[in-house]
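Asker: Input: one structure, supplied below.
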Amino acid sequence: MDDRVQVKQLAYPSDSVIPPQRYSGDATFAEEVAKIFRRSWMFVGFANDLTNDNDFITAEIAGTSVLVQNFDGELRAFHNVCTHRYAQIHLRPCGNGKPVCPYHGWIFNRDGVPVGIPGNREHFGFDDADKKRLALPRFEVGVRGRFVFVRLEPGGPGLDEQLGAYGAILDHLSEMFTDRIDEDVLPWQANWKAALESALEVYHVDATHPETFKKFAKKVWICSYEGEHSRGTTHLSDTSARWWDGVIERLGLPRSETLRNYDHFMIFPNLAIGVTHGALMSVQTYDPVGPERSNLHFRLFLGQTSKPKSIGGPTRKAVEANVCGFNRTVLDEDRIVAESAHRGLKQVRVPAALGACEERIAAFHRAWFARMADE
């Protein structure tokens, strides 16, 4: 009699998993830039940073510097590189000012045309047609709620079509979470895919986050999908839920009626949004810097308080310090293992063994393969 336990095979087939040699390398990265990052609507910032005339934000999309500027109430996106001698036009992440190159003072208008060229008559002799030929390349820009997106190459699905049902979620989050309490850009020595995957499963929590996230949430991870995008939901631990209930009451914070647990959304290719107990929102992008490096850009938000006197008070300060410190600690723990995995994957040729607990990573891989198969 065979007493061996019969185990159902739950791991994903190796041919459905991105092979390690495709995580980095110049050729793979160039293909990703062309087929994924230039063709996708990429999150670049928030509309509340673009409220006034001449407000601007800047972002890097896989090696392309982008500016989004408010021109008399209309948002327009351009290549953030002067067509004279290639200096970046806006050097800050956000601010207010006309698009003027800091190198030689060329001034660009709402169409990206250099209408102000110092010494034009003496040194260049450009007429209007010449100036139009020197216009900044323009990109598509779209807004959903307060989330601003840019697409480098025209054509393909519109923003609402790409987002699908997640567009309504962005609308809801935009209404709920208005007060930014922390923001930073953290360099990771890891490919963007290896970095992002640390956010797509909770299987690693016990080993990687024994003193942080393990105590924060329960182990059940319910996943759902919307096209290329995915969602994972888990319940907070009883202790964490009670703590957040107290914070909501004492600080007068609003709480989402539909996002009551820990709800995590991934919008392909690299945007991750986490909502804690309906009261805190984390927005993260895993931005590729090259085949071997990425930047994690995170922002934390609370909702607008019904107790404005609490702002700046000791309780509010203590809560913000606790939340921001916890977030940074968890992200640093993820960075350590992601960088380790990146170093390791460069030494092997066999695809990773993904289990059922890593289904969102498997879904991400399917979306990646589909995009990379496009011509």
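The opening residue of the sequence shown carries number 1 in UniProt numbering; numbering runs sequentially from there. For each residue, glycine too, the CB sits at the ideal point set by N, CA and C.
Which of the three DSSP states is assigned to residue 378 in this structure?
Answerer: Past the edges of the chain, shown from 1 to 375, lies residue 378, and the structure says nothing about it.
Asker: Counting along the chain, where does the beta strand (DSSP E) carrying leucine 300 start and finish?
Answerer: One-based indexing of the sequence shown puts residue 300 at position 300. It spans 294 to 303 - the beta strand (DSSP E) in which leucine 300 sits, taken as one unbroken run.
Asker: Less than 7 Å separating the beta-carbons of valine 275 and methionine 266?
Answerer: Your numbering for residue 275 matches position 275 in the sequence shown. Your numbering for residue 266 matches position 266 in the sequence shown. Their beta carbons are not under 7 Å apart, which means valine 275 does not touch methionine 266 by this criterion.
Asker: Looking at the unbroken beta strand (DSSP E) that takes in proline 187, where does it start and where does it end?
Answerer: Residue mapping note: residue 187 aligns to position 187 of the sequence shown, counting from 1. Here the beta strand (DSSP E) through proline 187 covers 177 to 188.
Asker: Sort out for me which residues DSSP pairs cysteine 101 with in a bridge.
Answerer: Locating residue 101 in the sequence shown gives position 101, where the first residue counts as 1. Paired residues: none, contrary to the question.
Asker: I think glutamate 60 touches aspartate 287, with their Cβ atoms under 8 Å apart; what is that distance to the nearest whole Å?
Answerer: If you number the sequence shown from 1, residue 60 lands on position 60. If you number the sequence shown from 1, residue 287 lands on position 287. Correct: roughly 6 Å between the Cβ atoms.
Asker: At which residue ranges does the segment 45 to 103 contain complete beta strand (DSSP E) runs of 3 or more residues, listed in the order of the chain?
Answerer: Segments of the beta strand (DSSP E) lying fully in the segment 45 to 103: 55 to 61, 64 to 71, 74 to 79 and 94 to 96.
Asker: For isoleucine 222, count neighbouring C-beta atoms within 10 Å of its own C-beta (all shown protein chains included) and say buried if the count is 16 or more, exposed if not.
Answerer: To locate residue 222, count along the sequence shown from 1; it is residue 222. With fewer than 16 Cβ atoms within 10 Å of its Cβ, isoleucine 222 is classed as exposed.
Asker: Rounded to a whole number of angstroms, what is the C-alpha to C-alpha distance between alanine 356 and isoleucine 169?
Answerer: Here residue 356 is taken as the residue at index 356 of the sequence shown, counted from 1. Here residue 169 is taken as the residue at index 169 of the sequence shown, counted from 1. Near 26 Å, if we compare the C-alpha coordinates of isoleucine 169 and alanine 356.
Asker: Note down, in chain order, each residue of its chain lying with its Cβ closer than 6 Å to the Cβ of isoleucine 100, except the 5 sequence neighbours on either side.
Answerer: The residue you call residue 100 lines up with position 100 of the sequence shown. The sequence as given places valine at residue 100; isoleucine does not occur at that position. Same-chain partners within the cutoff: Ile107.
Asker: Within a Cβ cutoff of 8 Å, which residues of the same chain sit near residue 389, ignoring the five residues on either side of it in sequence?
Answerer: The requested residue 389 is not part of the displayed model; the chain covers only 1 to 375.
Asker: Drop a sphere of 10 angstroms on the beta-carbon of methionine 1, count the other beta-carbons inside from all chains shown, and report buried for 16 or more, exposed for fewer.
Answerer: In the sequence shown, the residue the question calls residue 1 occupies position 1. Unreliable placement is indicated for methionine 1, whose pLDDT of 42 sits below 50; the coordinate value is still reported in the next sentence. Looking at its Cβ environment, which holds fewer than 16 other Cβ atoms inside 10 Å, methionine 1 is exposed.
Asker: Whose C-beta lies closer than 7 Å to the C-beta of alanine 363 among residues of the same chain, with five residues either side of it excluded?
Answerer: As a position in the sequence shown, residue 363 is number 363, starting the count at 1. Excluding positions up to five away in sequence, the list reads Tyr225 and Ser230.
Asker: Between the segment 287 to 305 and the segment 175 to 185, do three or more beta carbon pairs fall short of 8 Å?
Answerer: Yes: the two stretches touch, three or more of their Cβ pairs being nearer than 8 Å.
Asker: Report buried or exposed for aspartate 69, applying the criterion of at least 16 other Cβ atoms within 10 angstroms of its Cβ.
Answerer: Here the question's residue 69 lines up with position 69 in the sequence shown. Looking at the sequence provided, one finds glutamine at residue 69 rather than aspartate. Its Cβ being crowded by 16 or more others within 10 Å, glutamine 69 is buried.
Asker: Could you give the residue range of the alpha helix (DSSP H) that holds alanine 165?
Answerer: Locating residue 165 in the sequence shown gives position 165, where the first residue counts as 1. Taken as a continuous stretch (DSSP letters only), alanine 165 belongs to no alpha helix (DSSP H), as it is neither H nor E.
Asker: Following the continuous beta strand (DSSP E) through histidine 264, name the residue where it begins and the one where it ends.
Answerer: Residue 264 sits at position 264 when you count from the first residue of the sequence shown. From DSSP, the beta strand (DSSP E) with histidine 264 extends over 262 to 267.
Asker: Which same chain residues end up closer than 6 Å to alanine 272 when comparing Cβ atoms and leaving out the 5 residues on each side of it in sequence?
Answerer: The count along the sequence shown starts at 1 and reaches residue 272 at position 272. Excluding sequence neighbours, alanine 272 sits near Ala199, Met266 and Gln284.
Asker: Excluding the 5 residues preceding and the 5 following aspartate 3 in the sequence, name in chain order all residues of the same chain whose CB lies nearer than 8 Å to its CB.
Answerer: Taking the sequence shown and counting its residues from 1, the one referred to as residue 3 is at position 3. With a pLDDT of only 49 at aspartate 3, under the threshold of 50, the placement of this residue in the model should not be trusted; the figure read from the coordinates follows. Counting only Cβ-Cβ distances below 8 Å, and skipping sequence neighbours, we find nothing.
Asker: Starting from arginine 343, trace the alpha helix (DSSP H) both ways and give me its first and last residue.
Answerer: If you number the sequence shown from 1, residue 343 lands on position 343. Unbroken alpha helix (DSSP H) run through arginine 343: 314 to 345.
Asker: How long is the line joining the alpha carbons of glycine 119 and tyrosine 86, rounded to whole angstroms?
Answerer: Position 119 of the sequence shown, counted from the start, is the residue given in the question as residue 119. Position 86 of the sequence shown, counted from the start, is the residue given in the question as residue 86. Taking the straight line joining both Cα atoms gives about 18 Å.
Asker: On a CA-only basis, which of Glu183, Pro308, Lys307 and Phe71 is nearest proline 93? Give me that one, please.
Answerer: Taking the first residue of the sequence shown as position 1, residue 93 is located at position 93. Among Glu183, Pro308, Lys307 and Phe71, the Cα nearest to that of proline 93 is on Glu183.
Asker: Could you give the C-beta distance for arginine 121 and glutamine 189, rounded to a whole number, given that I count them as a contact under 8 Å?
Answerer: Within the sequence shown, the letter at position 121 stands for residue 121. Within the sequence shown, the letter at position 189 stands for residue 189. Their Cβ separation, rounded to whole angstroms, is 50 Å, which puts arginine 121 and glutamine 189 out of contact at 8 Å.
Asker: Tell me whether valine 17 sits in a helix, a strand or coil according to DSSP, three-state version.
Answerer: What you label residue 17 is simply residue 17 of the sequence shown in a count that begins at 1. Looking at valine 17 - three-state DSSP - the assignment turns out to be coil, as it is neither helix nor strand.
Asker: Residues in the same chain with beta-carbon distance under 8 Å from valine 148, minus the five sequence neighbours each way, listed in chain order, please.
Answerer: For the purposes of this step, residue 148 is identified with residue 148 of the sequence shown, where counting begins at 1. Same-chain partners within the cutoff: Phe43, Val44, Gly45, Phe46, Ala47, Leu50, Ile57, Val68, Leu75, Val141 and Gly142.
Asker: Let me make sure I understand the geometry here. Which of Lys317, Arg144 and Glu153 has the alpha-carbon closest to that of glutamate 161?
Answerer: As a working note, residue 161 is residue 161 in the sequence shown. Answer by Cα proximity: Arg144.
Asker: From what residue to what residue does the alpha helix (DSSP H) around isoleucine 273 run?
Answerer: Here residue 273 is taken as the residue at index 273 of the sequence shown, counted from 1. Note, isoleucine 273: premise wrong, no alpha helix (DSSP H); beta strand (DSSP E) at 271 to 276.
Asker: Helix, strand or coil, according to DSSP, for valine 33 in the structure here?
Answerer: What you label residue 33 is simply residue 33 of the sequence shown in a count that begins at 1. In this structure, valine 33 counts as helix in the three-state DSSP scheme.
Asker: Evaluate the contact criterion for the segment 336 to 347 versus the segment 197 to 215: three or more CB pairs, one atom per stretch, below 8 Å.
Answerer: Yes, the segment 336 to 347 touches the segment 197 to 215.
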